[in-house]
Amino acid sequence: GIHPETILGGNPQLSQESSLLQTGVELNILPVDGVLHDVQPGETVESIAQLYGVPVEDIIAYEPNNLEFPYRLYPDTQILVPGAVRELFVWTPPDLSSVVGKTSWEGAGVRPVIVGTGTFIYPVNSRNYTQYYWVGHRAVDIALPEGSPVYASDTGTVTYAGWNVYGYGNLIVINHGNGYETFYAHLSAINVVPGQIVYQGNVIGATGNTGNSSGPHIHFEVRLYGNQDDPCYYIGGC
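Next up, the structure:
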């Protein structure tokens, strides 16, 4: 039989947000235990094998991968990594409630804790929505050319800035210190670092087509105490 980890391996969105497993959601069931990997620019069979801790030979020998010497890989394609396990992603943002109103982080010198306004602006200069909020997609996708500026929707502290292997691609997360977080995914560039304070309207990155993405756009989420709300409610309708 197929292990539960293999279901995650073929459906990375479940590793990121297990609540997406609901009636009516279609799953990709892999024929063998392993992980379906989206090939990124510059990746090789060797680097992917190292990423998942499996023998290179297992990837090459899996016949449906159609790998022939010299085993070149191409971006925007997928290969199955037999025996690999996709780590379940658990997001645990820092609790800022205990430091709101103080003037410094513990042990970090004088550094004000920023609390957002509670109001949100559009994260990009576009209203070209390609996907709205629904039960299988608790966010909005807004299309625009790659490299377009991405703005902090509200003031807060960057709690994540980097590559996310579970579909988001290049991802920025801002904790606004009042229960709200905003997520900015599929970026081509990241201009901030974790721990950095950003203000509403600051440029934090650039739109892209990284991760599980079918074209240049931004995937934008608003979370309140961990619950993914409809961003349209906060940014003035869609």
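For the sequence shown, this note's numbering assigns the number 6 to the initial residue and increments by one for each residue that follows. Don't be surprised by glycine CBs; every beta carbon is placed ideally from N, CA and C.
Please tell me whether residue i and residue j are closer than 7 Å, where the distance is taken between their beta carbons.
i: Gly213; j: His191; result: yes
i: Glu186; j: Arg143; result: no
i: Glu48; j: Leu78; result: yes
i: Gly210; j: Val155; result: yes
i: Thr162; j: Ile126; result: no
Reducing DSSP to helix, strand and coil, say where residue i ends up.
i: Asp234; result: strand
i: Ala148; result: strand
i: Arg228; result: strand
i: Tyr138; result: coil
i: Gly241; result: coil
i: Ile34; result: coil
i: Ile223; result: strand
Kindly give me the distance between the Cβ atoms of residue i and residue j, rounded to whole angstroms, as I take these residues to be in contact under 8 Å.
i: Ile223; j: Val140; result: Going by Cβ atoms, the distance from Ile223 to Val140 rounds to 21 Å, so no, they are not a contact pair.
i: His42; j: Val90; result: His42 to Val90, Cβ: 12 Å. No contact.
i: Val197; j: Thr160; result: About 13 Å separates the two Cβ atoms, so there is no contact after all.
i: Ile147; j: Asn175; result: Going by Cβ atoms, the distance from Ile147 to Asn175 rounds to 16 Å, so no, they are not a contact pair.
i: Ala157; j: Asn207; result: 5 Å
Just to confirm my understanding: we take residue i, look at its own chain, exclude 5 residues before and 5 after, and list those with CB closer than 6 Å. What are they?
i: Phe188; result: Val178, Glu226
i: Ile240; result: Phe125, Tyr127
Starting from the C-beta of residue i, find all residues in its chain whose C-beta is less than 7 Å away, skip the five residues before and the five after it, and write them out in chain order.
i: Asn70; result: Ile64, Ile84, Leu85
i: Val61; result: Val50, Glu51, Ala54
Excluding the five sequence neighbours on either side, which residues of its own chain have a C-beta within less than 8 Å of the C-beta of residue i, listed in chain order?
i: Glu151; result: Ser193, Ala211, Thr212, Gly213, Asn214, Pro221
Whole runs of the beta strand (DSSP E) within the region 41-87, excluding any shorter than 3 residues: Within the region 41-87, the complete beta strand (DSSP E) segments of 3 residues or longer fall at 83-87, listed in chain order.
Completely contained beta strand (DSSP E) runs for the region 147-209, where each covers 3 or more residues: Counting only runs of 3 or more, we get 154-156, 161-169, 174-180, 185-195.
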